[in-house]
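One point on numbering: in my numbering, the residue at position 693 of the sequence shown is 1154, and numbering is uninterrupted.
Every residue, glycine too, gets a C-beta built ideally from N, C-alpha and C.
Every value quoted in this text rests on a predicted model; they were computed, and no experiment measured them.
Note sheet for the following structure.
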Amino acid sequence: MVVPSSTRRRNAALLLLLLPPLLVLHLSEAAGGRRVIEVKGAPESVVWVVQLSDLHFSVHHPLRAAHFKTHVAPALSLVNPSLVLVTGDLTDGKSEDLLTMKLNEEEWVEYRDVMEDVARRSGLHKSLFYDLRGNHDNFGVNVEGGSLDFFSKYSINAQLGRTGNINSVTLQAGERKHLFVGLDSTMSVGTRGPTNLFGHPTDQLLAELDSELSQWDSLTTRPVTKISFGHFPLSFSATSSSGKSLRDIFLKHSLSAYLCGHLHTRFGKNLKRHHQSSDHDSFLHNLFQLNIHQVPTLWDQNCSFGAPPYKEFWEWEMGDWRKSRAMRILAIDSGHVSYLDINFESGVKETIIVPTFPLDSRFMSTSLSRDRYECQYMVPSSYETIRALVFSVSPIASVVARVYDSRDGDLSMVMEAHMTKHEGNASRGNFYSAAWNYRAFEDPSPDRYWLQIKAIDMAGKSSSTELRPFSINGLTAQVSWTWKEFFVMGCQWAGLYFPLFWSALCFMFSILLIPKALQTFLKKQYSYMRFATGKGIVGGIAWFLQELCNIPGLWFGILGYLFFLLLFPWLSGQIFSNGGMGYMTYKGWVVKDIHLGENHEFLGFPDVMVIVLPHLVTVVLPMILVCGALAAERGFHQHICSTAGKKKDDYGQEKKRSVKSDTPGIKRLVPAIGNRWLRKLLVVVCLAVCCKHFMNCRALMKAYEMNPFINFPVYSLSVPVLLAYAVYKTRSNDQLRH
C-alpha cells in the first residue's frame, strides 16, 4: 500500500514529538557542530581526559617522535581517557641552529603517522583526539588553508573536518555534563619567528567562544563543569581590536580551568594562576599578578538565595613533551576538578595514581568550593570519601590512603584507611575510595593536613603519590612564584609592551635632551671640578651626561638614531615562507602578500617586542651610557692633565724630581694619566655591546633571509659606527680645558 506524502509528513512530525528530548537535543547539536559523547561504564561520577602539549616533532630530533610512540601509546591504553587534548606546537618548524623558523612538511607527515599509530595501538578511536595549532605550527603561513598551512592538511582536527577555530565536545556521564571547548588563537596570518609568540583572539573568536561556553546554560538546571583548552597562556595573549580578552570570557562563565601550554618547564613547575574578578582591580593589577593567587580578601559570607556567584577560574599551564616528556591526566569527580602531571623521562609508568578528592589546596581550591561548604550547598556524598583513580599494568593488591598532620612542624600520620575498588559493569578504570569523617579535618589552616595514597601490586611493588595539602572547607594555601615564573605568568606582556617601550625611549631621550637644554638655554655648564667641589650626586650625574653634549657629532648621531627607531622602518625581510617582503616598525610588520595581492598592516603586534625591547635595553641604552662614560672619562683625563701641568709649572723644571718624591698626589696621578685604565675597560664594554648587537643581527638575517647592507643598514651599522666614533673622539686630550 502506498502511503500519501501528506500522511508520511504527519507521521514524521508525530515521531519527532515522541522522541526523547535528549535525543532531539543530540541531533540538533550534531547539526550545529557541537558534539556530545555518552561516557558509558563505571565509575559514573568520574570522567578523565589526557592533555599533551608542545610536542615539537623535528627532523633534527627524531627521538621526540620515537619516544612519543613508545611511551604515550601504552600510557593511553592503560589510562583509557575519554578525550585526548593536544594543545599546540605539534611540530618544531626550526632549523638545526634554531635561527630559521618556517614549517617543514616532513615534520607534519611524521606527526600524522605517529598520531595514527598511537591511536591504533592505544585502542582509542581517532575522533577522541583533539589537536590545535600553536605558534610553531603557524610560522610563515600567509593564509589559513593555503599550500603552506600543513595543520589544515595533516592534523587530526583537519582530517575529521573540525575546521573552525572553536571546537566543543561534551562528556555526558550519567546526569552530569562536562563541557570542553578548544580554541585556536594563533594569528590568522602567521609571520615567521621570532615575531610569532602571542595568541591573537579576535572579536569574532571571542563571540564564538562565549556562545560555545553557554550552550548548556538554558538547557539544564544541573551544574555544568566547563573546561577550555588552548595553546597560549593568558600572559602571552593579546586583546582583541575592541579591547576584550580571553580572561573576560572565562570569568563570565566561571570556568573550572583553562588548560594551556607554550611556556615549557624551563621557566618553572608552578606555572599555575588563579584568576578572580574584583570590583577593585587597578591598572597595575591588569598588568601584574605577583603570585599564583591574587591578593587575598576577607571572605564575605553571603548564603542568601540569589547571591551572585564567584567569577573565577584556574589557569593551568602544563609541561612540554619536547624535553620534559610530560603528560597530564585531568579528572572531574562529582564536579571536583584535579590533575596529575607525569613525565616519561625515566620510561613507561607501570602504575599511575590520580587522587580526585580531596583537592590540592595550593593549585585546585576555589572560592566557590569554600562558599558551597560554608553555606552547606555542597553535595555531602562527594565529601564522605577519599577517592583516587589507580591505573596499573599489574593487578593491584591494596590501596591505602594516609593523612598527615603538620601542626607541630613535622608530619605525623593521623589516619590510615584501606581503599576499596568500585566494581561495575564495563568499568572504564579502577576507582578506589575510603570512608572518612571529613568534618574532623576542618581547620583554619589550608595546609595543615596532607594526603598521600599508596598502591601495592600483586608482585609487591609499591607506588605512592606526592604529599599534597588539602582543605576540606575550601581554603587556599598560598604559593609564591619564583622570579622566572612571575616573569612568564604574572606579567601581562601584551599590555606591558607600549609602557615599556615608551619608558625606555623617554629615558634615553631625557639623557640626551635635558643636559643639552641646561647647557644651551640655561647656560649651566657642569664640569668635573664643579662635581669634585660640590660632592653632589646630582652634579655628578649632570656632569656625566653633559660631557656627551661636548662631542656634537656623537650627540647628534645618537639622537638621530633614536628618531630613526621611532619614525622609520627598522628592517625589511621575508616574513612568509613562500615570499612576501615586509618591513618592520615598532608597531609591527607591514607587508604585501605577493601571492594574494593583499596588504597586511602591523602584523605581529605585540610580538615584535621580542626584537624591539631587547634592542633598546641591551644594545641602544648601553651604547648611550658607554658613550657618555667615554666622554666623561675624557673630561676627567683632561682635568687631571691640566691640574698636573699647572703644578709642574709652579714647581719648575729644576724641582721636578723633588715634586715627584715629595707630593704623593702627583705621584699617583702620573701613572693614571698615562695608562687610562678606565678608558680601556670602557673600550672592552664597547666591544661587548657590538658583539651582542652583531649576534642579534645575525639571528635576524637567518630568520628573515636579509642582507644587512640592503635590508637593514641603519639598524645594523649605526651602533658600531657610533661606538667607533666615540672611541675615536675620546682617544686623547687634544684640547686641555682650564
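For residue i: DSSP bridge partner residues
i, result
"Thr-647", "Note: Thr-647 sits in no beta bridge, so no partner."
"Pro-816", "Ala-849"
"Tyr-910", "Asp-866 and Phe-931"
"Leu-791", "Val-510 and Tyr-800"
"Ser-859", "Ile-917"
"Met-562", "Lys-555"
"Thr-548", "Leu-593"
"Glu-773", "Gln-737"
"Ser-698", "Gly-660"
"Thr-1046", "Gly-1049"
"Lys-687", "Leu-640"
"Phe-892", "Leu-850"
"Leu-632", "Ile-498 and His-639"
Beta carbon of residue i nearer than 8 Å to that of residue j
i, j, result
"Asp-871", "Tyr-910", "no"
"Phe-1063", "Trp-1050", "yes"
"Pro-907", "Pro-930", "yes"
"Pro-535", "Val-815", "no"
"Leu-1006", "Leu-1183", "no"
"Leu-791", "Thr-817", "no"
"Lys-713", "Trp-775", "no"
"Met-874", "Ile-847", "no"
"Phe-852", "His-532", "no"
"Asp-664", "Gly-595", "no"
"Val-685", "Leu-640", "yes"
"Asn-1060", "Leu-609", "no"
"Asp-645", "Leu-593", "yes"
"Thr-656", "Ile-1171", "no"
"Thr-937", "Ser-843", "no"
"Gly-1225", "Ala-503", "Since the first and last residues shown for the chain are 462 and 1199, residue 1225 lies out of range."
"Arg-789", "Asp-781", "no"
Cα-Cα separation between residue i and residue j, rounded to whole angstroms
i, j, result
"Val-1180", "Met-1042", "25 Å"
"Gly-722", "Ala-1160", "25 Å"
"Ile-617", "Val-545", "11 Å"
"Leu-695", "Leu-957", "13 Å"
"His-1098", "Arg-1140", "10 Å"
"Asp-1202", "Gly-704", "Residue 1202 cannot be examined here, being either before or after the span of the chain that is shown, 462 to 1199."
"Ile-1019", "Ser-964", "17 Å"
"Pro-662", "Phe-690", "14 Å"
"Val-949", "Gly-584", "37 Å"
"Arg-833", "Ile-710", "23 Å"
"Pro-841", "Lys-638", "19 Å"
"Ser-543", "Ser-855", "22 Å"
"Gln-750", "His-725", "20 Å"
"Gly-660", "Gly-1001", "46 Å"
"Leu-486", "Leu-539", "Since pLDDT at Leu-486 reaches only 37, below the 50 mark, its modelled position is unreliable, and the value read off the structure follows with that caveat. In a straight line, the C-alpha of Leu-486 is about 33 Å away from that of Leu-539."
"Gly-890", "Met-1045", "54 Å"
"Gly-1126", "Ile-1101", "Residue placement at Gly-1126 is poorly supported in this model, since its pLDDT is 47, which falls under 50; the coordinates are not used for a value here."
"Gln-755", "Gly-951", "10 Å"
"Thr-681", "Leu-829", "20 Å"
"Ser-1033", "His-522", "31 Å"
DSSP state of residue i mapped onto helix, strand, coil
i, result
"His-487", "Any reading at His-487 is ruled out, since the residue's pLDDT is 41, under 50, leaving its predicted position unreliable."
"Met-880", "strand"
"Met-969", "helix"
"Arg-637", "strand"
"Gln-665", "helix"
"Arg-469", "Confidence at Arg-469 is low in this model, with a pLDDT of 43, below 50, so its placement is unreliable and no value can be given for it."
"Leu-745", "coil"
"Arg-1192", "coil"
"Gly-1001", "helix"
"Tyr-838", "coil"
"Glu-577", "helix"
"Leu-516", "coil"
"Glu-946", "helix"
"Gly-1034", "strand"
"Ala-527", "helix"
"Glu-567", "helix"
"Leu-585", "coil"
"Lys-1117", "Low local confidence applies: a pLDDT of 48 at Lys-1117 is under 50, so the model's placement there is unreliable, and no value is given."
"Ile-1072", "helix"
"Ala-1185", "helix"
Short CB-CB distance (under 8 Å) between residue i and chain B
i, result
"Thr-548", "Among the protein chains of the structure shown there is no chain B, as only one such chain exists."
Subject >> Ranges of the alpha helix (DSSP H) found wholly within the stretch 1081-1110, counting only runs of at least 4 >> reply: none
Original post:
Can you list, in chain order, the stretches of the beta strand (DSSP E) that have 3 or more residues and sit fully within the stretch 707-747?
Top reply: 718-721 and 733-737
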